[in-house]
Amino acid sequence: MKMSEFAVKKPITTVMLVISVMVLGAISLFRLPLEYMPSIIYPAMYISVNYPSSSPEEVERLIARPIEEMMGTLSAVKGISSTSSGSSARIRLEFDMGADMDLVSVHIRDRLDQVRNLLPDDVDRIEIRRWNFQDFPILEYSLTWAGEIKNDLVDVYNQVILPRIQRLEGVGNVTLEGLDEKVLLVNVDQNRLGSHNLDFRTINRALRNNNTNLSAGFVSDGNRRLPVRAIGEFEEMDQIADQPLRSNIQLKDIADVSYDYPEKKSFERLDGRESITLEIQKSSTANMVSTANLVRAELETILDEVGRDKLKTLIVRDRSNDVTTGITNLAQSAIMGGILAVVAIFIFLRNFRSTLIIGSSIPVSALCVFLIMYFMRQFTGSTITLNLISMMGLMVAIGMLVDPAVVALENIFRKRYDEKLDPITAALEGSNEIGVPVLAASLTTICVFVPIIFVTDSRSALFMRDFAITVVISVIASFFIALSLIPLATSRIFRDGLERLDFVLKTGVGLVALGGTYALFAYTDYTLSSIFGSVEQFFLALFGVSTNIKITIAVLFAFLAFLIVRYRKIGIKGTYERLITTTLHYRWATLSAAVIILFGGNYIYSKIEQQPYRFQRSGQVGISVELPRSYDVHEARALF
Numbered sequence: 124m125k126m127s128e129f130a131v132k133k134p135i136t137t138v139m140l141v142i143s144v145m146v147l148g149a150i151s152l153f154r155l156p157l158e159y160m161p162s163i164i165y166p167a168m169y170i171s172v173n174y175p176s177s178s179p180e181e182v183e184r185l186i187a188r189p190i191e192e193m194m195g196t197l198s199a200v201k202g203i204s205s206t207s208s209g210s211s212a213r214i215r216l217e218f219d220m221g222a223d224m225d226l227v228s229v230h231i232r233d234r235l236d237q238v239r240n241l242l243p244d245d246v247d248r249i250e251i252r253r254w255n256f257q258d259f260p261i262l263e264y265s266l267t268w269a270g271e272i273k274n275d276l277v278d279v280y281n282q283v284i285l286p287r288i289q290r291l292e293g294v295g296n297v298t299l300e301g302l303d304e305k306v307l308l309v310n311v312d313q314n315r316l317g318s319h320n321l322d323f324r325t326i327n328r329a330l331r332n333n334n335t336n337l338s339a340g341f342v343s344d345g346n347r348r349l350p351v352r353a354i355g356e357f358e359e360m361d362q363i364a365d366q367p368l369r370s371n372i373q374l375k376d377i378a379d380v381s382y383d384y385p386e387k388k389s390f391e392r393l394d395g396r397e398s399i400t401l402e403i404q405k406s407s408t409a410n411m412v413s414t415a416n417l418v419r420a421e422l423e424t425i426l427d428e429v430g431r432d433k434l435k436t437l438i439v440r441d442r443s444n445d446v447t448t449g450i451t452n453l454a455q456s457a458i459m460g461g462i463l464a465v466v467a468i469f470i471f472l473r474n475f476r477s478t479l480i481i482g483s484s485i486p487v488s489a490l491c492v493f494l495i496m497y498f499m500r501q502f503t504g505s506t507i508t509l510n511l512i513s514m515m516g517l518m519v520a521i522g523m524l525v526d527p528a529v530v531a532l533e534n535i536f537r538k539r540y541d542e543k544l545d546p547i548t549a550a551l552e553g554s555n556e557i558g559v560p561v562l563a564a565s566l567t568t569i570c571v572f573v574p575i576i577f578v579t580d581s582r583s584a585l586f587m588r589d590f591a592i593t594v595v596i597s598v599i600a601s602f603f604i605a606l607s608l609i610p611l612a613t614s615r616i617f618r619d620g621l622e623r624l625d626f627v628l629k630t631g632v633g634l635v636a637l638g639g640t641y642a643l644f645a646y647t648d649y650t651l652s653s654i655f656g657s658v659e660q661f662f663l664a665l666f667g668v669s670t671n672i673k674i675t676i677a678v679l680f681a682f683l684a685f686l687i688v689r690y691r692k693i694g695i696k697g698t699y700e701r702l703i704t705t706t707l708h709y710r711w712a713t714l715s716a717a718v719i720i721l722f723g724g725n726y727i728y729s730k731i732e733q734q735p736y737r738f739q740r741s742g743q744v745g746i747s748v749e750l751p752r753s754y755d756v757h758e759a760r761a762l763f
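In structure tokens, the structure reads:
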């Protein structure tokens, strides 16, 4: 039994299936993670090596070059770059797209073990990090304290803020920037150091070699075998100061040893008081928006408990707002596009029942897309999320969702009213006739986007994979709806005697349109200025002619009035016939116009400014001041 026959002859089963898809799709919509961009792990690794109190040239020669030469033996490496400074070296390794980064990480550690003997002895830590878009913090807070920030705020952070935020669902990591911990400071007098013919490496080596615990073997006590260890780690500051460097020379003879806060290299302020930065990262599978909401609510509770007069916070960066704002704007645009698509269909069909059928297919198809996306995450291991890219794919697919439905409905409409068939026969014959053409058209569209899904050696393809998946799912869903829901609906709604419902539908659509227009301007950011202002900017950019919003509105309404009067007089079909007759009669003029449009469009495209991102207004103002190089951090702090 064919799909359309099953839908028409089994209406209750079909309706229950559609309702199930809509309910499950709505549930899936709220369970899909909200992200700003797709979750993509670029094939890049970073190696960081700290080597303080040195020069960039020395760091490059002793650290960066040996590591680069050893990493060059990796088979999948595509490029190696390094940056050396006076205190560290940073090596970036880029690999082929599709490389197994877990296996690459193992190979990198193996190569680092081999090159370790070639590095200076005082290199104690080598850090390996993988680049991931999800590593960026979702929330950044600026914290300030009414009292001593180094002591009081540290206690509040360690005892209250850190444990309570870390236990929240979705929180992956919490870090505090700008608050230094006490460290052992050895301030060396270079004059005394030089007079004893010593250098910094001698001091570093002496402290490192004597600050260790060593195994001294085992001793037997009857049936017991006890390990023996020589404890040599420093326990008191005096032990460090008394450390011998050479005969009759101790560390305290050439340096002052203290346990204090290191010298600050940067300062932050909030409302005139010294502040620190709190960064919150989410776990890899968490929902960014819900996690950020939990963190904000918990910090508000902490503020009430600790006291807002003591602890003050300010959100410096909230990436969840970028997500909600971007997706909300895309959702509004998609809804507006769907409404305009339905209006365009009504203008051509001029039948409320037909328009209602087409309009109902859009939300059903969209909910079907959300359902399939959720199933892909749960059962195929896909990382697809609701992000700007996938929502853009859904917005682009809005027009594609109605194409198969319009084709099916128009053919059924012709069978019903032109050939005078009964509703069920018209639905069956009309849908069967267009089944193969609609399938071919859908497969043609799918073939354009499917290659993007399987491409693994291109960054842009990986980035646009969610876009392609969303479009493909939308086209597949629209095909099945066009051959199931549309025949079922037309076989019931196109019955004789239901013409009286047109008035009720007209009234209902009018009320919905008025309510939607009110909600559009009352509960969203849309205004007449924003809508028609964009049209004004279009005229200004294209023709170099500036106008105001009133003139723009007047021109648009005059153009619409002209179209309405003309179409009511001769109809769309008559206008189309005249257009075809004219173009066929003036073939060379038509061809010349097409060539002019082709090259003119290419010229206009070349004049459009191109940039990778669209910069949005953030409501923040940043001021950057460049000071003379002779200023240190304390002098700069005094100025501001």
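Mapping of the sequence shown onto our numbering: residues 124 to 763, in sequence order.
For glycine and all other residues, C-beta sits at the position ideal for the given N, C-alpha and C.
Check residue i in the structure and name its three-state DSSP category.
{"i": "Phe655", "result": "Bear in mind that the predicted position of Phe655 carries a pLDDT of just 47, short of 50, making it unreliable; the figure below should be weighed with that in mind. Here Phe655 sits in helix by DSSP."}
{"i": "Gln366", "result": "coil"}
{"i": "Leu349", "result": "strand"}
{"i": "Leu140", "result": "helix"}
{"i": "Val246", "result": "coil"}
{"i": "Lys405", "result": "strand"}
{"i": "Pro134", "result": "helix"}
{"i": "Val744", "result": "coil"}
{"i": "Ile354", "result": "strand"}
{"i": "Phe763", "result": "coil"}
{"i": "Leu337", "result": "strand"}
{"i": "Arg618", "result": "coil"}
{"i": "Ser207", "result": "strand"}
{"i": "Ser389", "result": "coil"}
{"i": "Phe469", "result": "helix"}
{"i": "Arg772", "result": "There is no way to answer for residue 772, as the model of the chain reaches only from 124 to 763."}
{"i": "Asp545", "result": "coil"}
Would you decide whether residue i is buried or exposed? Buried here means 16 or more other CB atoms lie within 10 Å of its CB.
{"i": "Val487", "result": "buried"}
{"i": "Ile521", "result": "buried"}
{"i": "Trp268", "result": "buried"}
{"i": "Val294", "result": "buried"}
{"i": "Cys570", "result": "exposed"}
{"i": "Ser370", "result": "exposed"}
{"i": "Gly221", "result": "exposed"}
{"i": "Pro610", "result": "buried"}
{"i": "Thr196", "result": "exposed"}
{"i": "Ser207", "result": "buried"}
{"i": "Phe94", "result": "Because the chain spans 124 through 763 in this model, residue 94 falls outside it and cannot be assessed."}
{"i": "Arg724", "result": "It should be noted that the sequence gives Gly, not Arg, for residue 724. Gly724 should be labelled exposed."}
Rank the options by C-alpha distance to the C-alpha of residue i and give the top, closest one.
{"i": "Arg324", "options": "Pro546, Phe218, Asp244", "result": "Asp244"}
{"i": "Val744", "options": "Ser554, Val439, Ile703", "result": "Val439"}
{"i": "Gly202", "options": "Ser228, Asn173, Met168, Met224", "result": "Met168"}
{"i": "Thr298", "options": "His708, Leu308, Ser265, Leu330", "result": "Ser265"}
{"i": "Asn310", "options": "Ile458, Ser381, Arg232, Ile575", "result": "Ser381"}
{"i": "Val146", "options": "Ile326, Cys491, Lys305, Gly301", "result": "Cys491"}
{"i": "Arg442", "options": "Thr593, Ala549, Gly355, Leu157", "result": "Leu157"}
{"i": "Val412", "options": "Ala563, Ser607, Thr451", "result": "Thr451"}
{"i": "Ser171", "options": "Asp589, Ile214, Val718", "result": "Ile214"}
{"i": "Lys388", "options": "Ile727, Gly301, Glu217", "result": "Gly301"}
{"i": "Leu241", "options": "Arg184, Ser198, Pro574, Gly461", "result": "Arg184"}
{"i": "Val238", "options": "Tyr165, Ile186, Thr335, His708", "result": "Ile186"}
{"i": "Ser601", "options": "Ala531, Leu551, Glu552, Glu542", "result": "Ala531"}
{"i": "Arg328", "options": "Thr478, Gln366, Glu423, Ala759", "result": "Gln366"}
{"i": "Asn444", "options": "Ile425, Leu511, Arg476, Leu463", "result": "Leu511"}
{"i": "Ser597", "options": "Gly516, Val578, Thr548, Lys543", "result": "Gly516"}
{"i": "Ala339", "options": "Pro350, Arg331, Phe577, Asn346", "result": "Pro350"}
{"i": "Ile746", "options": "Phe763, Arg618, Val283", "result": "Phe763"}
{"i": "Pro527", "options": "Ser513, Thr568, Gly504", "result": "Thr568"}
Could you round the C-beta distance between residue i and residue j to whole angstroms and report it? I think they count as a contact, below 8 Å.
{"i": "Ile481", "j": "Val529", "result": "6 Å"}
{"i": "Ile403", "j": "Pro260", "result": "6 Å"}
{"i": "Asp394", "j": "Lys435", "result": "7 Å"}
{"i": "Leu337", "j": "Gly317", "result": "Contact doesn't hold; Cβ gap of about 33 Å is too wide."}
{"i": "Ala591", "j": "Phe572", "result": "4 Å"}
{"i": "Val525", "j": "Ile485", "result": "6 Å"}
{"i": "Tyr174", "j": "Ser210", "result": "7 Å"}
{"i": "Ser205", "j": "Glu191", "result": "6 Å"}
Can a CB atom of chain D be found closer than 8 Å to the CB of residue i?
{"i": "Ala612", "result": "In the structure shown, chain D cannot be found, because there is only a single protein chain."}
Should the region 144-163 be regarded as contacting the region 494-511, the criterion being three or more beta carbon pairs within less than 8 Å?
Result yes; three or more Cβ-Cβ pairs closer than 8 Å.
Would you check if the region 411-418 and the region 357-374 touch, i.e. whether three or more CB-CB distances between them fall below 8 Å?
In this structure the region 357-374 does not lie against the region 411-418, because fewer than three pairs of beta carbons, one per stretch, are closer than 8 Å.
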